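Enquirer: Right, I'll just put the structure down here and ask away after.
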Amino acid sequence: MRILVTPELTHTVDMLLMEDEKLSVSSLARETNVSKGSICKVLKKLNHKSYNIKNVQQLLPHDYEARLTFAKNQLVLHQKDPHYLGKILFSDEAHFHLSYGRNQQNDRISESTVWAGLTKKGLIGPYFFEGNVKGVNYLEMLKKYLVPELESRGILNSTTSQQDGAPPHFANIVKNFLNSQFPGKWIGRGSQTPWPSRSPDLTPLISSYGVTSKALSIKNREPHP
Numbered sequence: 010m011r012i013l014v015t016p017e018l019t020h021t022v023d024m025l026l027m028e029d030e031k032l033s034v035s036s037l038a039r040e041t042n043v044s045k046g047s048i049c050k051v052l053k054k055l056n057h058k059s060y061n062i063k064n065v066q067q068l069l070p071h072d073y074e075a076r077l078t079f080a081k082n083q084l085v086l087h088q089k090d091p092h093y094l095g096k097i098l099f100s101d102e103a104h105f106h107l108s109y110g111r112n113q114q115n116d117r118i119s120e121s122t123v124w125a126g127l128t129k130k131g132l133i134g135p136y137f138f139e140g141n142v143k144g145v146n147y148l149e150m151l152k153k154y155l156v157p158e159l160e161s162r163g164i165l166n167s168t169t170s171q172q173d174g175a176p177p178h179f180a181n182i183v184k185n186f187l188n189s190q191f192p193g194k195w196i197g198r199g200s201q202t203p204w205p206s207r208s209p210d211l212t213p214l215i216s217s218y219g220v221t222s223k224a225l226s227i228k229n230r231e232p233h234p
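This note's numbering applies: residue 10 is where the sequence shown begins, and numbers increase by one.
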């Protein structure tokens, strides 16, 4: 039977790997509800090897133009309102490994997915997800945690919410909520201001996640009593 690889599937797998490049073929198949054969074909198309762990997200040729366009647009908005950048809530999730080492399948690593946001007013979070992050539980986090936090700090109406375009952020239920809660004031895939792909370095959160991940790695190497 011929295995069809659609542009939509390829893009979804690419976004999932951007979030966690340690995902195995079986994990990707479960996430996308397709066969392992289809995933293998997509990985070959993306030039990505199974179980290949990378520490950086490599930029593709067309990414440079998107990043430059985004930066220019942000500069224009900053020139119109000098306080604009301070109103952006930069946010992202990170996967922290809670045990040192990994098995051959690379599919049972003990880890926790943590969300955090950062504005000029300070850090929001961390928020810990139970299980994989998908549209439903990401929306729950936005509704029950983020919005009340912003409201309690008196910055809900002035905040521009940034999303990096990962699959959970792009779910229709999430986009509909963002359009309703932050009309014309959210950055991300599907918004008026798209976030450039493979660009975690454009947010100030990348530094804090790196320090935390290193600290956890050192802690996990310590012998247990």
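Idealized CB from N, CA, C, for every residue including glycine.
Bear in mind the structure is a predicted one, so any value in this text is a computation, not a measurement.
What residue from Arg76, Thr128, Ser189 has the CA that sits closest to Phe99's CA?
Expert: With distances taken between Cα atoms, Phe99 lies closest to Thr128.
Enquirer: Which term fits Asp101, buried or exposed, when burial requires 16 or more other beta carbons within 10 angstroms of its beta carbon?
Expert: It is buried - the Cβ of Asp101 has at least 16 other Cβ atoms within 10 Å.
Enquirer: Have a look at Thr15, Asn82, Ser208 and flag the residue whose alpha-carbon is nearest the alpha-carbon of Leu55.
Expert: Nearest C-alpha to Leu55: Thr15.
Enquirer: Name the residue from Ile164, Gln190, Pro192, Gly199 whose alpha carbon lies nearest to the alpha carbon of Asn181.
Expert: When only C-alpha atoms are compared, the closest one is Gly199.
Enquirer: Pair every Cβ in the segment 18-26 with every Cβ in the segment 152-169, then say whether three or more of these pairs are closer than 8 Å.
Expert: As far as the Cβ criterion goes, the segment 18-26 does not touch the segment 152-169, which means the pair count is below three.
Enquirer: Using a Cβ-Cβ cutoff of less than 8 Å, which residues in the same chain neighbour Met10 once the five nearest sequence positions on both sides are dropped?
Expert: Because the pLDDT at Met10 is just 46, under 50, the model does not fix this residue reliably, and the value given afterwards should be weighed accordingly. Nothing meets the Cβ criterion.
Enquirer: With DSSP run on the structure shown, which of helix, strand or coil describes Ser170?
Expert: Strand at Ser170.
Enquirer: Check each candidate in Pro70, Ala103, Gln83 and name the one with the smallest Cα separation from Ser121.
Expert: Ranking the options by Cα distance to Ser121, first place goes to Ala103.
Enquirer: State the DSSP-derived secondary structure class of Tyr136, mapped to helix, strand or coil.
Expert: DSSP places Tyr136 in strand when its eight states are reduced to three.
Enquirer: For Thr246, which of helix, strand or coil comes out of DSSP?
Expert: Any question about residue 246 goes unanswered here, given that the chain covers just 10 to 234.
Enquirer: Closest to Leu151 by CA distance: which of Leu94, Ala125, Tyr93 is it?
Expert: Here the closest residue by C-alpha is Ala125.
Enquirer: At 4 residues or longer, what runs of the alpha helix (DSSP H) sit wholly inside the segment 174-212?
Expert: Correct list: 176-179, 181-190.
Enquirer: Compare the Cα-Cα distances from Leu13 to each of Ala38, Gly197, Ser47 and report the closest residue.
Expert: The shortest C-alpha separation from Leu13 is found at Ser47.
Enquirer: Using 7 Å as the cut-off, classify the Cβ of Tyr93 as near or not near the heavy atoms of the ligand GDP, replying yes or no.
Expert: For the ligand GDP, the structure offers nothing, since it holds no ligand at all.
Enquirer: Please classify Ser161 as buried or exposed, where buried requires at least 16 other C-beta atoms within 10 Å of its C-beta.
Expert: The residue is exposed, with fewer than 16 neighbouring Cβ atoms inside 10 Å.
Enquirer: Output yes or no for whether 8 Å exceeds the beta carbon distance between His87 and Leu94.
Expert: Cβ atoms of His87 and Leu94: closer than 8 Å.
Enquirer: For His178, count neighbouring Cβ atoms within 10 angstroms of its own Cβ and tell me buried if that reaches 16, exposed if not.
Expert: So His178 counts as buried.
Enquirer: I need the straight-line Cα distance from Ile164 to Lys53, nearest angstrom please.
Expert: Going by the C-alpha atoms only, they are around 45 Å apart.
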